[in-house]
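Novice:
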Amino acid sequence: MGLISFVDEHRQWVKAAYGTELSETPRELSICTHTICQSGLLVIPDLRKDSRFKNNPLLDIKPRISLYAGIPLRTKDDLPLGTLCVLDYKARRRGLTEQQAEALQSLAQAVLNQLHLKQSDRALAEAETFKQHLLASCGDCIAVLDLDLRLLYMNENGMRAMEVESLDSIQGQSWIDLFAARDAEEAAQAMERARTGSVGRYKGYCPVHSGTPKWWDIVVTPIMNDAGEPQTLLCVSRDITEIQRTEESLRQSEGRFRTLVDVMPLSFLSPQAVWFSDRTGAFTYCNEYWYDYTGLERDKRNSHGWASIVHPSRRDDALNLLKEAFSKKNSFEVEIPIRRASDDTYRWFIVRGQPLKNEAGEIEQWFGIAMDIHERKQSEEALRDSEERLQLALKAAHMMAWEFNPTTRLTKRSENSLSLSGIAARDNVEIFGAVHPADRPKIKHFFDRIEIYGSDSVECRIIQPSGDLRWVRARAEKAGPNRIVGVTFDITDHKEAEEEIWRAANHDPLTGLPNRSLFLRRLEMALFNARQNGTSVSLLMIDLDEFKDINDTLGHDAGDALLKETATRLSSMVRDCDTVARLGGDEFALLVVEPLKLENSARLGSLILETLRQPFTYQKRTLISRVSIGVAAFPDHDGEPAELMKDADIALYQAKSQGRNQVVTYSPQMRRVTEQRVSLGRSVREAISNHEILPFYQPKVCLNTGQIVGFEALARWRHPARGILTPATFGAAFEDHELASEIGKLLMSTVATDLRQWLDDDVPFGRVALNLSPAEFIQPGMVDNMLRTLDWIKVSPKFLEVEVTETVLLGRNSDNVSKLLQEFRQHDIHIALDDFGTGYASLTHLKQFPVNHIKIDRSFVQNLENDPDDEAIIAAVIGLGKSLKLKVTAEGVETFGQAQRLHNLGCDHVQGYFYAKPVPACEIPGLLAQWNQKAVHRRPVGKAFLRAH
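Sequential numbering of the sequence shown, starting at 212, is according to this note's numbering.
Put into structure tokens, the structure is as follows:
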């Protein structure tokens, strides 16, 4: 038989047996008890003959045992655990042979080895269990990497933080693929330091399974093998996502209020300092980090207290905190500044202490840790500063921050809410409870969009308790399931400024009426509605006929008063649905919508004519306004805004051209006439550009001598297709002041060139008269330009005469005309008054203006032979000229009888087809040569002379 048994205080129990079913025996009966007490092998050849066991009841059990050989089982520390024994039913007088004893001892050693192995396995299992519990209780992500940075192990919290289902799914992956570094070089350096036996550290990010990136503070430490070389790497990664977000928020300075986490993780910023102190706080032991940081001497531990490491600048406050904490004899946590020995600066630490008490409950010593929280304190300080600046900014910008719970309807407001909304911060009133009723749908839509999209903004009006109405703009975002945070700021001034800007951009500043831009938009909308609804729109264009005269005579203040009065009267004559606008200058427009139709609008135009004609008083002066009105309507005329405006403009032009102070309704024929005028203007511009406008010269003949004393330069158009055209064809172009001025400049240049050529050829041409249009008299520097042209071409001004009509003398610019004519006179350029008798000129004008020459209009000469009245008028004009010492020329002489009568009446000069038609400059030398050959020598004009010519 064989037994392996163990002995305790009361019994021997069998661990393993062979040949017997014995499980245990009392200790006092156990034979193995004697074996344990020995140091070596115990052999009893015959138990029944041994006095120690003579009365042992175990020997009476059948079959009876006789031989016993046992050896104690002892640990390496010589602690007896039990025995290994063999038994036999036969006694052996010699005991065991040497080989049997050695075998038993070997077997005993094998048993001990097996026990040691099981103990090691148990200890290893317990250590593994402890490690797993330790890793599971740690909130950090702990991973083990091989030297190629492939993942070997990760704890459960790490996998949970990374949203990984199992280790198998990521085992073997590269650490770089799992944790991307913000700075790849920094990460590589940290890993390399760990692989060379140092500690590396860097910050990195890892997009977890849901796609959300998390930021980590990663510390890499080498795990050494027996040779002291790095075998694997231990990576401890702490989630710093919230801190990273906070820092990012501070960097960006977004200017909006955010609810920040009250407590941030504390231990990720630096290694922990471990300290022990006695009951008074004097250090008894510290780890290496604490010694290195504070500069404490390792061999003088008991001589240092907290006073030696707290920075002097805050020593009193810090020591008072610690004194109070130690006095409470409970665990504590304080934040104090600790001096850094390397540069004598301080960093903030959070110091945690735990009392270690004896069995009596008395404190024997203190144990604690200290963690660097300087960055956190700086962040908190920056956050406080930011919040203070935000509060100041909120007050300065009339802004209010708020937080709203859509479920409970509870609202929190910033301190300045009273000044903005009239509601104190502590009043539990819904954030938009005072919104204007018309804006409540906008608020509902605002919150709906926040629920859907996460954020939104809205503008609305709120009614303050005082009754004042304020405009506000709110911006908010969803910060949680039942949490919406936002800001509201007063935009009343902005809205008023916008309104003012809009009004300034869309209304006339003088009259307050809509301007052209706003009027065109309303016209476009009115026409759109009319097309949609089958209704009508009427447009009246109104122009003040004598506005410039009032401005020129009474001043611009009077003109402004007239415009305001006109605007007031027009506004009083229309409905709210109609629009009165000032388009610019003295031009107004009236937009009339359904139910008024074209005929109603025409009658309204007549009523406006009468209303505006009523006088009003300005500075004790009575002013009377007369207007011209053009009317167009849809669907009677065009349906596009620009075309309808053009229709009304054409009708207005027609009203002004027909004598003004009347209402004209548009007709398609008017547009055709206008288009012809526009087409003519375009053609004339091309003709000017191509130098197709040129002077033809008609001789002016002296009735006394029969000699040609000068010429009149008449404009002709050498048309490439129609030949030579007279002003009867293109005279309408002179109504365009720009065209008239350009034609005048071209004719002047050409006439001067012709004169220079004749002078060079010794052609006796006398004076050449050039007609000046009213448009040329309003051009700045007209006289200087003409004189400059003559000087450039080397022609004396004495060879030039300018002809002006009575219209020029009687126009609004008469004072300026008089100055220009005086300048002509000073430079020996003669002045001829053309078409005399057809206008409203008086004898005063002949005396007022420096006229040398008057020309009788052809309308009087035409019926001279048959109409005594025409003859009387001509005689009076000739007599007037002689009295004023002015030369008199009759135009349009076409018959001998007309020439004879003019001679008899004493007229000085004549011109007309009876003598010669206008010819180009190249024919003038030949005309003069032929004329002189036929001339009668120095005698009064007779029938023979007249016939000869």
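In this text, a Cβ means the ideal position worked out from N, Cα and C, and glycines have one as well.
For lysine 226, does the three-state DSSP call read helix, strand or coil?
Specialist: Reduced to three states, the DSSP call for lysine 226 is strand.
Novice: For a test of the three-state rule: what should DSSP assign to arginine 595, helix, strand or coil?
Specialist: Correct three-state label for arginine 595: helix.
Novice: Is the beta carbon of asparagine 982 sitting closer than 8 Å to the one on glutamate 949?
Specialist: No.
Novice: Could you pull the start and end residues of the alpha helix (DSSP H) that threonine 777 belongs to?
Specialist: It spans 767-783 - the alpha helix (DSSP H) in which threonine 777 sits, taken as one unbroken run.
Novice: Where do the N-terminal and C-terminal ends of the beta strand (DSSP E) with aspartate 236 fall, by residue?
Specialist: Reading off the sequence shown, one finds threonine at residue 236, where the question assumed aspartate. Note, threonine 236: beta strand (DSSP E), 235-237.
Novice: So, at 8 Å on beta carbons, what are the nonlocal neighbours of glutamate 403 in its own chain, with the 5 sequence-adjacent residues on each side left out?
Specialist: Excluding positions up to five away in sequence, the list reads Gly411.
Novice: Nearest to lysine 689 by CA position, among Pro617, Arg624, Trp713 and Phe758, is which residue?
Specialist: Among Pro617, Arg624, Trp713 and Phe758, the Cα nearest to that of lysine 689 is on Pro617.
Novice: Less than 8 Å separating the beta-carbons of leucine 278 and arginine 303?
Specialist: Contact: yes.
Novice: Between which two residues does the alpha helix (DSSP H) carrying threonine 961 extend?
Specialist: 948-971 is the extent of the alpha helix (DSSP H) around threonine 961.
Novice: Classify phenylalanine 543: buried if its beta carbon has 16 or more other beta carbons within 10 angstroms, exposed otherwise.
Specialist: Buried is the call here.
Novice: Between the C-alpha atoms of serine 488 and tryptophan 501, what's the straight-line distance to the nearest angstrom?
Specialist: Rounded to the nearest angstrom, the two C-alpha atoms are 13 Å apart.
Novice: From the DSSP output, in three-state form, read off tyrosine 175 for me.
Specialist: Lying before the first or after the last residue shown, residue 175 is absent from the chain, which here runs from 212 to 1160.
Novice: In the DSSP output, which residue or residues are listed as bridge partners for lysine 1066?
Specialist: DSSP lists Thr1100 as partners of lysine 1066.
Novice: Give me the Cβ distance between glutamate 1017 and phenylalanine 1047, rounded to the nearest whole Å; I'm assuming they're in contact under 8 Å.
Specialist: Right, their Cβ atoms sit about 7 Å apart.
Novice: With the cut-off set at 8 Å, would you say histidine 1120 and lysine 1093 are in Cβ contact?
Specialist: No, the Cβ-Cβ distance between histidine 1120 and lysine 1093 is not below 8 Å.
Novice: For glutamine 384, name the three-state secondary structure that DSSP assigns.
Specialist: Coil at glutamine 384, not helix or strand.
Novice: Answer yes or no: do alanine 484 and alanine 581 have a C-beta to C-beta separation smaller than 8 Å?
Specialist: The answer is yes: Cβ separation under 8 Å.
Novice: Helix or strand or just coil, what does DSSP make of isoleucine 276?
Specialist: The answer is coil: DSSP assigns isoleucine 276 none of H, G, I, E or B.
Novice: Can you tell me the Cα-Cα spacing of serine 234 and aspartate 289, whole angstroms?
Specialist: If you take the alpha carbons of serine 234 and aspartate 289, they lie about 26 Å apart.
Novice: So aspartate 583 is in the alpha helix (DSSP H); what residue range does that whole segment cover?
Specialist: Element bounds for aspartate 583: not the alpha helix (DSSP H) but the beta strand (DSSP E), 574-583.
Novice: How close, in whole Å, do the beta carbons of serine 817 and serine 749 come, if the pair is a contact with beta carbons under 8 Å?
Specialist: Not quite, the Cβ-Cβ distance comes to about 13 Å (not below 8 Å), so this is no contact.
Novice: Looking at the secondary structure, which residues open and close the beta strand (DSSP E) in which glutamate 670 lies?
Specialist: That run of the beta strand (DSSP E) goes 666-674.
Novice: To the nearest angstrom, report how far apart tryptophan 486 and glycine 492 are at their CA atoms.
Specialist: Tryptophan 486 and glycine 492: Cα-Cα distance of roughly 10 Å.
Novice: For leucine 214, is the classification buried or exposed, using 16 other Cβ atoms within 10 angstroms of its Cβ as the cut-off for buried?
Specialist: Buried, by the Cβ-count rule.
Novice: Specify the secondary structure class of leucine 269 as computed by DSSP and reduced to three states.
Specialist: Reduced to three states, the DSSP call for leucine 269 is helix.
Novice: Which residue comes first and which comes last in the beta strand (DSSP E) that contains cysteine 200?
Specialist: The structure shown does not extend to residue 200, since the chain is modelled only from 212 through 1160, so no value can be given for it.
Novice: Using CA atoms only, rank isn't needed, just tell me which of Val912, Phe657, Lys857 and Thr940 is closest to alanine 800.
Specialist: Residue Lys857 is the option with its Cα nearest to alanine 800.
Novice: Tell me the rounded alpha-carbon separation between alanine 401 and glutamate 535.
Specialist: Roughly 42 Å separates the two Cα atoms.
Novice: Please state whether the Cβ-Cβ distance between methionine 752 and alanine 859 is less than 8 Å.
Specialist: It is a contact, given that the beta carbons lie within the stated cut-off.
Novice: Are the CB atoms of alanine 280 and valine 322 nearer to each other than 8 Å?
Specialist: Cβ atoms of alanine 280 and valine 322: not closer than 8 Å.
Novice: Taking the alpha carbon of arginine 263 as the point to measure from, which residue in Trp713, Pro274, Cys243 and Ser250 has its own alpha carbon closest?
Specialist: Minimum Cα distance to arginine 263 is reached at Cys243.
Novice: Under 8 Å Cβ to Cβ from threonine 231, same chain only, skipping five residues before and after it: list those, please.
Specialist: Taken in chain order, the residues that qualify are Met212, Leu214 and Leu298.
Novice: Which one or two residues does DSSP pair with methionine 856 in a beta bridge?
Specialist: Bridge partners of methionine 856: none, in fact.
Novice: How far does the beta strand (DSSP E) with tyrosine 496 in it extend, from its first residue to its last?
Specialist: First-last of the beta strand (DSSP E) with tyrosine 496: 494-497.
Novice: Could you tell me the distance, in whole angstroms, from the CA atom of arginine 456 to the CA atom of lysine 588?
Specialist: Straight-line Cα distance between these residues: approximately 16 Å.
Novice: Hey, out of Asp1045, Asp679 and Arg558, whose CA is closest to histidine 647's CA?
Specialist: Checking every option, the nearest Cα to that of histidine 647 belongs to Asp679.
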